[in-house]
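Colleague: Chains as they are written, first to last, in this note's numbering: chain A, 0 to 283; chain B, 176 to 333.
(1) Which residue spans inside the segment 182 to 220 of chain A form an unbroken alpha helix (DSSP H) run of at least 4?
(2) Report the three-state DSSP secondary structure of residue 189 (chain B) (helix, strand or coil).
(3) What number of angstroms, rounded off, separates the C-alpha of residue 301 (chain B) from the C-alpha of residue 232 (chain B)?
(4) Considering only C-alpha positions, which residue in the set A:54, A:170, A:151 is nearest to residue 138 (chain A)?
(5) Distance check for residue 235 (chain A) and residue 120 (chain A), CA to CA, integer angstroms please.
(6) Could you check which residue in A:107, A:166, A:69, A:73 has the C-alpha nearest to that of residue 83 (chain A)?
(7) With a threshold of 8 Å on Cβ separation, who are the neighbours of residue 42 (chain A) within its own chain once the five nearest residues in sequence on each side are excluded?
(8) Classify residue 50 (chain A): buried if its beta carbon has 16 or more other beta carbons within 10 angstroms, exposed otherwise.
(9) Alpha carbon to alpha carbon, how far is residue 197 (chain A) from residue 218 (chain A)?
(10) How would you write the range of the alpha helix (DSSP H) that residue 113 (chain A) sits in, first residue to last?
(11) Determine the chain B residues that contact residue 1 (chain A) at a beta-carbon separation under 9 Å, and present them in chain order.
(12) Who are the neighbours of residue 265 (chain B) on chain A, taking C-beta pairs under 9 Å?
(13) Taking the CB atoms as reference points, tell me whether residue 275 (chain A) and residue 229 (chain A) lie closer together than 8 Å.
(14) Is the Cβ-Cβ distance between residue 239 (chain B) and residue 209 (chain B) less than 8 Å?
(15) Please compile the residues from chain A whose C-beta is within a distance smaller than 9 Å of the C-beta of residue 305 (chain B).
(16) Are the CB atoms of residue 216 (chain A) and residue 279 (chain A) nearer to each other than 8 Å?
(17) Which term fits residue 94 (chain A), buried or exposed, when burial requires 16 or more other beta carbons within 10 angstroms of its beta carbon?
(18) Compare the C-beta of residue 236 (chain B) with all C-beta atoms of chain A and state if any pair is closer than 8 Å.
(19) Quick check on this structure: which residue in A:270, A:167, A:40, A:127 has the alpha carbon closest to the alpha carbon of residue 249 (chain A)?
(20) Take the Cβ of residue 260 (chain A) as the centre, count every other Cβ of all protein chains shown within 10 Å, and call the residue buried at 16 or more, exposed below.
(21) Tell me the DSSP secondary structure of residue 21 (chain A) in three-state form.
(22) Quick check on residue 246 (chain B): does DSSP put it in helix, strand or coil?
(23) On the three-state DSSP scale, how would you describe residue 95 (chain A)?
(24) Using a Cβ-Cβ distance under 8 Å, would residue 4 (chain A) count as near chain B?
(25) Got a sec: is the Cβ-Cβ distance from residue 239 (chain B) to anything in chain A below 8 Å?
(26) Between residue 193 (chain B) and residue 228 (chain B), how many whole angstroms is the CB-CB distance? I'm expecting something under 8 Å.
(27) Let's test the definition: count the other Cβ atoms within 10 Å of the Cβ of residue 180 (chain A) and tell me whether it reaches 16, buried, or not, exposed.
(28) Can you tell me which of the three DSSP states residue 169 (chain A) falls into?
(29) Nearest CA to the CA of residue 272 (chain B): which residue from B:316, B:308, B:212?
(30) Rounded to a whole number of angstroms, what is the C-alpha to C-alpha distance between residue 233 (chain A) and residue 209 (chain A)?
(31) Along the chain, where does the beta strand (DSSP E) that runs through residue 53 (chain A) open and close?
(32) If we require 3 or more residues per run, which beta strand (DSSP E) segments fall completely within the segment 25 to 86 of chain A?
(33) Starting from residue 236 (chain A), find everything on chain B with Cβ-Cβ shorter than 8 Å and list it in chain order.
(34) Check whether the segment 132 to 148 of chain A touches the segment 159 to 175 of chain A, counting contact only when three or more Cβ pairs, one atom from each stretch, lie closer than 8 Å.
(35) Please report the distance separating the alpha-carbon of residue 88 (chain A) from that of residue 40 (chain A).
(36) At a CB distance below 8 Å, what residues from the segment 21 to 37 of chain A approach chain B? Give them in sequence order.
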């Protein structure tokens, strides 16, 4: 239960961080941000990185900035930063509501938004938010900068499009229109556990009918994603029990659920139906 | 390859000059290198909360931080709660409301509750229950811990 030995690097600037990451990445170097997932994995010796690039002292990664269209979140921003809304309107309220479901309070003091995305646990709340809302990842290395859409970023269980020498420096979330409604629900057996299934839904109302529906499902498949079949069941229809039930059923039919030691695929498929339905109920 | 580095940890206002490897967790350094054994180690992977301490005003799991990351920061542990013979209101409330039995989880609960209440003195009862779900207690069934923390919260607001 003690981590294996590693060499720690403590860069102070982003350029320095990218340089050292580029140097040590081929020798199993990893980025250490909040450490709330990486350190337990190291304690179990499931990960034995030879080098850790500790970015907790890098200047210029602590920002939460809004330009009127997009919310930018730097790599050192902790989950707890979202306990209170960071921006007016539905996006700030959504992030604040979801943040309370992430692990436990002391974990939220240390863990980071970007670190959750780079770790890419299927159950991660921030991964679900990013996939559902269409986040853009700003990825940097000594080779330059590139942007990756959330739909192209998550590549399976704890697997992303990041190359080993790349740092997820920032994530950008589109602001939600002022009349956007949202609902979120996750199921786990104990408070703070990894969600066995979760759902985030957003939509607007046009003439009493649902428009621009987004239905995201997390924890059920290797990566969180939007479920087009469920969105189609909502768009153009009035919000209410009949269409919510239809959308939940469509989502349950559409997923290819993970199986593990505690759940069969069919059980998880049923959970998907339940969490989508409850997220929609919470949206009213 | 992983040489020890010399660092100074500031625990409850006292400096401890120690030499640790980078992989040394903060809780191991607090207990083994600084001799402050009031902080307990339970699961060593961030689930149980027994090792909760306050670092620069934030309640954190000290098994999920490396000691070298805490250099220059103000660390507070259960040894620093009482003022001489006068217990901290949180400690007194745990006694008054029978918030402990075996006591193993108690230092973690005390630091969690004190850390959160100092940050959010007016936290709601519902949010407080969510906070207290962070740590594991196998004896009390939590009800007396909740009573104790609510009573201490009222006392700390005075």
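The beta carbon of each residue, even a glycine, is placed where N, CA and C say it ideally should be.
Modeller: According to the structure shown:
(1) If we require 4 residues or more, the segment 182 to 220 of chain A turns out to have no alpha helix (DSSP H) run fully inside it.
(2) Counting from one through the second chain, the residue named residue 189 (chain B) turns up at place 14. Residue 189 (chain B) falls in the strand class under three-state DSSP.
(3) The residue you call residue 301 (chain B) lines up with position 126 of the second chain. The residue you call residue 232 (chain B) lines up with position 57 of the second chain. Computed Cα separation, rounded: 22 Å.
(4) Against the first chain, residue 138 (chain A) aligns to sequence position 139. In terms of CA proximity to residue 138 (chain A), A:170 leads the group A:54, A:170, A:151.
(5) By 1-based counting over the first chain, the position of residue 120 (chain A) is 121. By 1-based counting over the first chain, the position of residue 235 (chain A) is 236. When rounded, the distance between both Cα atoms is 33 Å.
(6) Along the first chain, read from residue 1 onward, the residue named residue 83 (chain A) stands at position 84. Among A:107, A:166, A:69, A:73, the Cα nearest to that of residue 83 (chain A) is on A:107.
(7) The residue given as residue 42 (chain A) occupies position 43 in the first chain. Within the same chain, and ignoring the five residues on either side of residue 42 (chain A) in sequence, the residues whose Cβ sits closer than 8 Å to its Cβ are 0, 1, 2.
(8) Here residue 50 (chain A) refers to the residue found at position 51 of the first chain. Burial is judged here by how many other beta carbons sit within 10 angstroms of a residue's own beta carbon; residue 50 (chain A) has at least 16 and is buried.
(9) Stepping through the first chain from its first residue, residue 197 (chain A) is reached at position 198. Stepping through the first chain from its first residue, residue 218 (chain A) is reached at position 219. The straight-line gap from Cα to Cα measures roughly 6 Å.
(10) Within the first chain, residue 113 (chain A) is the residue found at index 114, counting from 1. DSSP places residue 113 (chain A) inside the alpha helix (DSSP H), whose first and last residues are 112 to 118.
(11) For the purposes of this step, residue 1 (chain A) is taken as the residue at position 2 of the first chain. 198, 199, 200, 203, 219, listed in chain order.
(12) Along the second chain, read from residue 1 onward, the residue named residue 265 (chain B) stands at position 90. Using a Cβ-Cβ cut-off of 9 Å, residue 265 (chain B) is close to nothing in chain A; its nearest Cβ partner there is about 16 Å away.
(13) The sequence position of residue 275 (chain A) within the first chain is 276, counting from 1. The sequence position of residue 229 (chain A) within the first chain is 230, counting from 1. In contact: residue 275 (chain A) and residue 229 (chain A) (Cβ atoms closer than 8 Å).
(14) Residue 239 (chain B) sits at position 64 when you count from the first residue of the second chain. Residue 209 (chain B) sits at position 34 when you count from the first residue of the second chain. Contact: no.
(15) For this step, residue 305 (chain B) is matched to residue 130 along the second chain. Those are 99, 103, 104, 190, 191, listed as they occur along chain A.
(16) Residue numbering aside, residue 216 (chain A) sits at position 217 when the first chain is read from its first letter. Residue numbering aside, residue 279 (chain A) sits at position 280 when the first chain is read from its first letter. Residue 216 (chain A) places its beta carbon 8 Å or farther from that of residue 279 (chain A).
(17) Position 95 of the first chain, counted from the start, is the residue given in the question as residue 94 (chain A). With 16 or more other Cβ atoms within 10 Å, it is buried.
(18) Locating residue 236 (chain B) in the second chain gives position 61, where the first residue counts as 1. Interface with chain A (8 Å Cβ-Cβ cutoff): residue 236 (chain B) is included.
(19) As a position in the first chain, residue 249 (chain A) is number 250, starting the count at 1. Cα-wise, what sits closest to residue 249 (chain A) is A:270.
(20) Translated into the one-based positions of the first chain, residue 260 (chain A) becomes position 261. Exposed is the call here.
(21) Locating residue 21 (chain A) in the first chain gives position 22, where the first residue counts as 1. It is helical.
(22) Against the second chain, residue 246 (chain B) aligns to sequence position 71. In the structure shown, residue 246 (chain B) sits in coil (DSSP, three-state: anything other than H, G, I, E or B).
(23) Along the first chain, read from residue 1 onward, the residue named residue 95 (chain A) stands at position 96. Residue 95 (chain A) carries a helical assignment under DSSP once its states are collapsed to helix, strand and coil.
(24) As a first step, residue 4 (chain A) must be located in the first chain, where it is residue number 5. Yes, because at least one Cβ of chain B sits closer than 8 Å to the Cβ of residue 4 (chain A).
(25) Position 64 of the second chain holds residue 239 (chain B). Nearest CB-CB separation between residue 239 (chain B) and chain A: below the 8 Å threshold.
(26) Position 18 of the second chain, counted from the start, is the residue given in the question as residue 193 (chain B). Position 53 of the second chain, counted from the start, is the residue given in the question as residue 228 (chain B). Between residue 228 (chain B) and residue 193 (chain B) the Cβ distance is about 16 Å, and since that is not below 8 Å, they are no contact.
(27) Within the first chain, the letter at position 181 stands for residue 180 (chain A). Here residue 180 (chain A) is buried. Its C-beta has 16 or more other C-beta atoms within 10 Å.
(28) Numbered from 1 along the first chain, position 170 holds the residue referred to as residue 169 (chain A). Assigned with DSSP and collapsed to three states, residue 169 (chain A) falls in strand.
(29) Position 97 of the second chain, counting from 1, holds the residue named residue 272 (chain B). Put simply, of B:316, B:308, B:212 the residue whose alpha carbon is nearest the alpha carbon of residue 272 (chain B) is B:316.
(30) Position 234 of the first chain, counted from the start, is the residue given in the question as residue 233 (chain A). Position 210 of the first chain, counted from the start, is the residue given in the question as residue 209 (chain A). In a straight line, the C-alpha of residue 233 (chain A) is about 6 Å away from that of residue 209 (chain A).
(31) The count along the first chain starts at 1 and reaches residue 53 (chain A) at position 54. Annotation for residue 53 (chain A): the continuous beta strand (DSSP E) segment containing it runs 50 to 53.
(32) Qualifying beta strand (DSSP E) stretches, in chain order: 28 to 31, 50 to 53, 63 to 65, 69 to 73.
(33) The residue you call residue 236 (chain A) lines up with position 237 of the first chain. Near residue 236 (chain A) there are no residues of chain B at all, since even the closest Cβ is about 34 Å away, more than 8 Å.
(34) Contact between the segment 132 to 148 of chain A and the segment 159 to 175 of chain A is present, with at least three C-beta pairs closer than 8 Å.
(35) Within the first chain, the letter at position 89 stands for residue 88 (chain A). Within the first chain, the letter at position 41 stands for residue 40 (chain A). Cα atoms of residue 88 (chain A) and residue 40 (chain A): separation of roughly 37 Å, rounded to the nearest angstrom.
(36) Among the residues of the segment 21 to 37 of chain A, those with a Cβ less than 8 Å away from any Cβ of chain B are 34, 35, in the order of the chain.
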